[in-house]
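Heads up, the sequence shown is in the working numbering, so the first residue is 290 and it goes up one at a time.
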Amino acid sequence: MAEVKTRKKKYLHEVDLMRVLFIGGVLLNHTTTAFKNNVGNGSGSELFLEATHLALHFTRMGFMFMTGLVLVLNYYNKEHHWLKFWKKRYISVGIPYIGWNAIMMWFTTITAGVALSWPNYFQNLYDAIIHGNKFYMYYILVTFQLYLIFPLLVYMFKKFKNHHVAILVASAIIQLLLVIGIKYWLPGVDRSSWWYLFRAYGMNVLVYQFYFVAGAFVAIHYDQVDKFIEKNHRVIGWSTLALAIGTVALFFGNINILHLSMSATLSIHQPFIFIYDTFMIVFVFWIGRQYAHARNHGFPNWLEKIIKNMSKVSFGIYLVQTIPVTMLYGILSVIHLPSVVTLLLLPVGYAFVLGGSFLISWFCYKVPPFGVLIGRPQRIFSAKKAKGVVENVRNNESIKQTVKE
290 MAEVKTRKKK
300 YLHEVDLMRV
310 LFIGGVLLNH
320 TTTAFKNNVG
330 NGSGSELFLE
340 ATHLALHFTR
350 MGFMFMTGLV
360 LVLNYYNKEH
370 HWLKFWKKRY
380 ISVGIPYIGW
390 NAIMMWFTTI
400 TAGVALSWPN
410 YFQNLYDAII
420 HGNKFYMYYI
430 LVTFQLYLIF
440 PLLVYMFKKF
450 KNHHVAILVA
460 SAIIQLLLVI
470 GIKYWLPGVD
480 RSSWWYLFRA
490 YGMNVLVYQF
500 YFVAGAFVAI
510 HYDQVDKFIE
520 KNHRVIGWST
530 LALAIGTVAL
540 FFGNINILHL
550 SMSATLSIHQ
560 PFIFIYDTFM
570 IVFVFWIGRQ
580 YAHARNHGFP
590 NWLEKIIKNM
600 SKVSFGIYLV
610 QTIPVTMLYG
620 ILSVIHLPSV
630 VTLLLLPVGY
640 AFVLGGSFLI
650 SWFCYKVPPF
660 GVLIGRPQRI
670 FSAKKAKGVV
680 ENVRNNESIK
690 QTVKE
């Protein structure tokens, strides 16, 4: 396959929709968890939410894929200055990471009704920052690791430019072996003395390596991948549906045959889930491409605007989701309804979490200087505004001169 040299210059509208679908799935995942924890134990509603939960877990891997895709689209064909790359990326993502850890630590402490002890607060904040294990920040910690090794990823694809398919296949095999080991071997191993990033393997970039490699592969061979998926989209779509239904069978198999704990049963690191996630990501890519085509054929402008705006702040939505999710937990804890009624309120709860996350991140996006908290810092006094001020001054001076004359 030939490398795409100019794709980076073209705006990919499908990426907007893919971001929206993946972040929407992430929030639905966390919303359903909140509802599962607030329906009756042993109820049919609880079983329904548990049995369908694995089908939503493709979203984390989708985010990893998108990260690899966008990074390679932006940097693969540029002259590489890796020190500048690291400085830009670690600052633009590091500030939101530290900032929201601090904000969320304060917010959850206050909402829990616990007296704020500043020495404990800063100790807990430091622990959260170095471990990335609070407020869904694991993704950021994984991304930091990816930034560090990203030059090696680019070097690998450039060095073996005629073997990209082999790289993708090898990565898939490694990923399959990893999840097999995690599910069937790792639970019986004492990991207490292991380095943190191996003990808490969900924080380790290597556990997600295939999705980053796949994102890079798609970015480099965009047109060829697009044609392949379009040609086979029916097979891909039906296979994805079958695999999604298969996640329910996997749930009951894990519980009733393998007798796994609920945590292990719902783990995203399973061989079947790896296959399902891959198909789901490919299918979402196809949906994104259909959106990109539809934009030119009577697609509603209002809906396109919503998609574009949500895409702009998708990273911010991810960062701030803890606030509406925590509020949802609080609301559900004080309402006492039959389990089936609570389950029926799931769309309302989801709208609350999605809408709340969007509004907070949109506020940051629009109001300086809060854009820095979502990786989109604003120029408080932009060049455009400065030009307008200069023109106004010149016009005023011209008017004064005319009056004098």
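From the three backbone atoms N, C-alpha and C, an ideal C-beta is built for every residue, glycine too.
Contact set for serine 381: own chain, Cβ-Cβ below 8 Å, skip 5 residues either direction:
These residues qualify, in order along the chain: Gly664 and Pro666.
Please report the distance separating the alpha-carbon of leucine 530 from that of phenylalanine 563.
C-alpha separation (whole angstroms): 15 Å.
Whole angstroms are fine: how far does the CA of tyrosine 639 sit from the CA of glycine 699?
With the chain covering only 290 through 694, there is no way to say anything about residue 699.
Under a CB-based cut-off of 9 Å, is phenylalanine 501 close to chain C?
In the displayed structure, chain C is absent; only one protein chain is listed.
If you measure between the beta carbons of leucine 405 and tryptophan 395, is that distance less than 9 Å?
With contacts defined as CB atoms closer than 9 Å, leucine 405 and tryptophan 395 qualify as a contacting pair.
Pick helix, strand or coil for serine 671, following the three-state DSSP scheme.
Bear in mind that a pLDDT of 49 at serine 671, under 50, signals an unreliable position, so the number given afterwards is only what the model happens to contain. If DSSP states are grouped into helix, strand and coil, serine 671 belongs with coil.
Other residues of its chain near tyrosine 364: CB distance less than 8 Å, five sequence neighbours each side excluded
Taking tyrosine 364 as the centre and dropping the five residues before and after it, the same chain places the C-beta of Phe374, Phe439 and Val443 closer than 8 Å to its C-beta, in chain order.
Below 8 Å on the Cβ atoms is my contact criterion, and I expect leucine 343 with leucine 539 to pass it. Report the Cβ-Cβ distance as a whole number of Å.
Taking a contact as a CB-CB distance under 8 Å, the pair leucine 343 and leucine 539 counts as one, their CB atoms being some 6 Å apart.
Report, in whole angstroms, the separation of the C-beta atoms of isoleucine 312 and isoleucine 606, which I expect to be a contact under 8 Å.
Contact between isoleucine 312 and isoleucine 606 holds: their C-beta atoms lie close to 5 Å from each other, under 8 Å.
Taking the alpha-carbon of phenylalanine 572 as reference, which of Leu486, Arg523 and Gly644 has the nearest alpha-carbon?
The option with the nearest alpha carbon to phenylalanine 572 is Arg523.
Would the beta-carbon of valine 431 fall within 9 Å of that of tyrosine 485?
Not a contact, by the Cβ cut-off of 9 Å.
Opening and closing residue of the alpha helix (DSSP H) in which glutamate 339 lies:
Segment 333-340, the alpha helix (DSSP H) holding glutamate 339.
Starting from proline 657, trace the alpha helix (DSSP H) both ways and give me its first and last residue.
Going by DSSP, proline 657 is part of no alpha helix (DSSP H) at all; its letter is neither H nor E.
Beta-carbon separation (whole angstroms), glycine 421 vs methionine 492, contact threshold 8 Å
Rounded, the Cβ-Cβ distance is 6 Å, consistent with contact.
Near isoleucine 471, which residues of its chain fall below 6 Å by C-beta distance, leaving aside the five closest residues on each side in sequence?
His558.
Cβ shell of tryptophan 575 (< 8 Å), same chain only, five flanking positions each side left out:
So the list reads Ile518, Glu519, His522, Ile525 and Gly526, once near-sequence residues are dropped.
Buried or exposed: where does serine 671 fall if 16 or more other Cβ atoms within 10 Å of its Cβ makes it buried?
Residue confidence for serine 671 is low, a pLDDT of 49 falling below 50, so the modelled location carries little weight; the figure read from the coordinates is stated next. By the Cβ-count criterion, serine 671 is exposed, with fewer than 16 other Cβ atoms from all chains shown falling within 10 Å of its own Cβ.
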